[in-house]
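J.: Sequential numbering of the sequence shown, starting at 227, is according to my numbering.
Input: one structure, supplied below.
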Amino acid sequence: MKQSQLFSKTNKVAPKDEESINAQLLIRGGYVDKLMAGTYSYLPLGWRTYKKLEEIIREEINAVDGQEIFMPSMHPKENWEKTGRWDGLDVLVKVGLGEERNMALAPTHEEVVAPLAKKIVESYKDLPKAVYHFQNKFRGEKRAKSGILRLREFIMKDLYSFHVDQTDLDAYYDRVAQAYKNIFERAGIGAQTYFTYASGGTFAKYSHEFQAETEAGEDTIYVCDACHIAINKEIIEDLEHKCPLCGNASLRETKAVEVGNIFKLGTKYSTPFNLTYKDQNGEEKPIIMGCYGIGPQRLMGTIVEIFHDDKGILWPEAVAPFRVHLIGLGKDLSAAEELYQKLVTEKIEVLFDDREVSAGEKFADADLLGLPYRIIISEKSLAAGGVELKKRNEKDSQIVKIEELLGGL
Ligand SMILES: [Zn+2]
């Protein structure tokens, strides 16, 4: 992609009303554009990173037998009345075609997936099943000041699983927990993300969430560095300030963002929708459910909060919008153009800064955008024997011969 053609532009200063680092850097870099508090458009660079995160999540959820579907975001009021959440959920966004607000813009999809499963699952032979989708969610957040960490409209991957009994749910839950660990590892934040014990739901002693350590986090967690797990502040009293795995009492208090959650729902949503199956004896039993969420946009914001410096973003390689930032300097960009074509042919994802702006501006933008590898090609570098190669997270550059460049990327 040529930078001169890109549908976005960089800004030297952040918008005044934007307090969070993730939004400041993503807006300055032309990754996202703010429409209003808690709602952002994704521009080509931002959408490329989003798509990479989505694909990592899709691969890992497919690997635990999740089947991808797509459910609507606009739901009838009746479904939400059945679960008591039409009046019981204060962030529910209610809309209507006429005067009456008789539909919900969904913040979650149990109210659709449970009656949907009822049409498909009849007997124990139809179980277990797991379905997921990536879909827009809506939350009437009063406080939406955390950039893309806390959105009013956002995309969520929500997976729902259906089981004959608690044992089957427990086994599947553990598989999804491992899939989530894989996702955060692949997204580059494995070292910063903790499997976290949170206060229990109705059907389990604890629920679990995945918390990524960053100053920008709104949650307080206590980390056991020996086990690489954490405990949410809400239940630390219950656990007497000790790690539930090793008994370590010197836990480290820190701030974190919840980047994923997994939940044993039991029959909470099966009961209101009469979601049952027939067992081997033909007896009707309630289906046991689990649900598992990740918001790829929040994940993207968290990555920026964790990986940035005073000049801009430092994307992990797997989720960078492009792998290489090729910068051509000087009036004659023909050598740069030739190298660009070569990288494209070799299927190396490259953003080519072919703009007619100063070298200083190009360097500042390269630091701001934060692609993992920067290649400078200029008369000076060619005279020195090749191109100048520098990693975004390293200080020094080196001269590399063009014919040896591909091996170093
Ligand atoms: Zn421990």
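For every residue, glycine included, the Cβ atom is placed at its ideal position computed from N, Cα and C.
1. Just checking L471 against ligand 1 - is the residue's beta carbon closer than 6 Å to any of the ligand's heavy atoms?
2. Is DSSP giving T236 helix, strand or coil here?
3. For F388, which of L377, G366, V357 and S372 has the nearest alpha-carbon?
4. Taking the C-alpha atoms as reference points, what is the distance between E531 and R600?
5. What are the boundary residues of the alpha helix (DSSP H) that includes P302?
6. To the nearest whole angstrom, what separates the beta carbons of Q293 and I381, a pair I think is in contact under 8 Å?
7. Shortest alpha-carbon distance to G373 belongs to which of E245, G324, A610 and Q437?
8. Quick check: the stretch 277–286 against the stretch 408–425, are there 3 or more CB pairs under 8 Å?
9. Of all the options I455, K344, V390 and G443, which has the alpha carbon lying nearest to the alpha carbon of F421?
10. Since N362 is in the beta strand (DSSP E), which residue starts that stretch and which ends it?
11. Where does D464 fall in DSSP's three states?
12. With E435 and N362 assumed to form a contact (beta carbons below 8 Å), what rounded beta-carbon distance in angstroms separates them?
13. Is N458 near ligand 1, going by C-beta to nearest heavy atom under 6 Å?
14. Buried or exposed for M300, going by 16 or more other Cβ atoms inside 10 Å?
15. Comparing C-alpha positions only, which one of A370, V613 and P547 sits nearest to Y266?
16. Answer with buried or exposed for I346, where buried requires no fewer than 16 other C-beta atoms within 10 angstroms of its C-beta.
17. Measure the CB-CB distance between A610 and I625 and report whether it falls below 7 Å.
18. Residue range of the alpha helix (DSSP H) that K607 falls in?
19. Let me check understanding here. Comparing Cα to Cα, which of V239, M329, K407 and I574 lies closest to G255?
20. Leaving out five residues on either side along the sequence, give the residues of the same chain with a beta carbon under 8 Å from the beta carbon of G612.
21. With a threshold of 6 Å, establish whether the CB of A475 neighbours any heavy atom of ligand 1.
22. Can you list, in chain order, the residues of its chain whose CB lies under 6 Å from that of Y518, leaving out five sequence neighbours each side?
23. Would you call the stretch 472–482 and the stretch 324–334 touching, i.e. three or more CB-CB distances under 8 Å?
24. Would you mind sorting E564 into buried or exposed? The rule is 16 or more other CB atoms within 10 Å of its CB.
25. For P498 and G426, what's the separation of their Cα atoms in angstroms?
26. Mind listing, in chain order, the continuous beta strand (DSSP E) runs of no fewer than 3 residues lying wholly within the stretch 534–584?
27. Hey, S496 and A340 are a contact pair by Cβ (cut 8 Å); roughly how many whole angstroms apart?
28. Which ranges does the beta strand (DSSP E) cover as unbroken runs of at least 3 residues, wholly within the stretch 388–452, from first to last along the chain?
29. When we look at the beta-carbon of N619 and count the other beta-carbons within 10 Å, is it buried (16 or more) or exposed?
30. Could you spell out where the beta strand (DSSP E) holding E479 opens and where it closes?
31. Which whole-angstrom value describes the C-beta separation of A438 and T528, a residue pair presumed to lie in contact below a C-beta threshold of 8 Å?
32. Taking the alpha carbon of D558 as the point to measure from, which residue in E307, Y566 and S604 has its own alpha carbon closest?
T.: Result, derived from the coordinates:
1. Along the sequence shown, one-based indexing puts residue 471 at 245. Because some heavy atom of ligand 1 lies under 6 Å away, the Cβ of L471 counts as near it: yes.
2. Residue numbering aside, residue 236 sits at position 10 when the sequence shown is read from its first letter. DSSP places T236 in coil when its eight states are reduced to three.
3. Position 162 of the sequence shown, counted from the first residue, corresponds to residue 388. Closest option to F388, Cα to Cα, is V357.
4. What you label residue 531 is simply residue 305 of the sequence shown in a count that begins at 1. What you label residue 600 is simply residue 374 of the sequence shown in a count that begins at 1. If you take the alpha carbons of E531 and R600, they lie about 22 Å apart.
5. Locating residue 302 in the sequence shown gives position 76, where the first residue counts as 1. Not the alpha helix (DSSP H): P302 falls in the beta strand (DSSP E), residues M300 to P302.
6. Taking the sequence shown and counting its residues from 1, one reaches residue 293 at position 67. Taking the sequence shown and counting its residues from 1, one reaches residue 381 at position 155. Between I381 and Q293 the Cβ distance is about 19 Å, and since that is not below 8 Å, they are no contact.
7. Here residue 373 refers to the residue found at position 147 when the sequence shown is read from its first residue. That would be E245, whose Cα lies nearest to the Cα of G373.
8. At 8 Å Cβ cutoff, the stretches touch.
9. The residue given as residue 421 occupies position 195 in the sequence shown. The candidate whose alpha carbon is nearest that of F421 is I455.
10. Your numbering for residue 362 matches position 136 in the sequence shown. In the DSSP assignment, N362 falls within the beta strand (DSSP E) that extends over K355 to F364.
11. Against the sequence shown, residue 464 aligns to sequence position 238. Of the three classes helix, strand and coil, the one that applies to D464 here is coil, per DSSP.
12. Start at 1 with the first residue of the sequence shown, and residue 435 comes out as number 209. Start at 1 with the first residue of the sequence shown, and residue 362 comes out as number 136. About 22 Å; that fails the 8 Å criterion.
13. Locating residue 458 in the sequence shown gives position 232, where the first residue counts as 1. No.
14. For the purposes of this step, residue 300 is identified with residue 74 of the sequence shown, where counting begins at 1. Label assigned to M300: exposed.
15. Residue 266 sits at position 40 when you count from the first residue of the sequence shown. Among A370, V613 and P547, the Cα nearest to that of Y266 belongs to A370.
16. Reading the sequence shown from its first residue, position 120 is the one you call residue 346. I346 is exposed by the Cβ-count criterion.
17. Translated into positions along the sequence shown, residue 610 becomes position 384. Translated into positions along the sequence shown, residue 625 becomes position 399. Yes, they are a contact pair.
18. In the sequence shown, the residue the question calls residue 607 occupies position 381. The sequence given here has Ser at residue 607, not Lys. Per DSSP, S607 belongs to the alpha helix (DSSP H) from E605 to A609.
19. Translated into the one-based positions of the sequence shown, residue 255 becomes position 29. Out of V239, M329, K407 and I574, V239 has the C-alpha closest to the C-alpha of G255.
20. Counting from one through the sequence shown, the residue named residue 612 turns up at place 386. Here the set comprises I625, V626, K627, I628, E630 and L631.
21. Residue numbering aside, residue 475 sits at position 249 when the sequence shown is read from its first letter. Taking 6 Å as the cut-off, the C-beta of A475 does not count as close to any heavy atom of ligand 1.
22. The residue labelled residue 518 in the question sits at position 292 within the sequence shown. Excluding sequence neighbours, Y518 sits near L385, V402 and I488.
23. Short answer: they don't touch.
24. Taking the sequence shown and counting its residues from 1, the one referred to as residue 564 is at position 338. Exposed, since its Cβ has fewer than 16 Cβ neighbours within 10 Å.
25. Within the sequence shown, numbered from 1, the residue matching residue 498 stands at position 272. Within the sequence shown, numbered from 1, the residue matching residue 426 stands at position 200. For P498 and G426, the distance between alpha carbons rounds to 21 Å.
26. 550–554 and 576–579
27. Taking the sequence shown and counting its residues from 1, the one referred to as residue 496 is at position 270. Taking the sequence shown and counting its residues from 1, the one referred to as residue 340 is at position 114. About 6 Å; that satisfies the 8 Å criterion.
28. Complete beta strand (DSSP E) runs here, min 3: 419–425, 432–439 and 445–450.
29. Position 393 of the sequence shown, counted from the first residue, corresponds to residue 619. Label assigned to N619: exposed.
30. To locate residue 479, count along the sequence shown from 1; it is residue 253. R478 to G492 is the extent of the beta strand (DSSP E) around E479.
31. For this step, residue 438 is matched to residue 212 along the sequence shown. For this step, residue 528 is matched to residue 302 along the sequence shown. Indeed they touch by this definition, with Cβ atoms about 5 Å apart.
32. Position 332 of the sequence shown, counting from 1, holds the residue named residue 558. Nearest of E307, Y566 and S604 to D558, Cα basis: S604.
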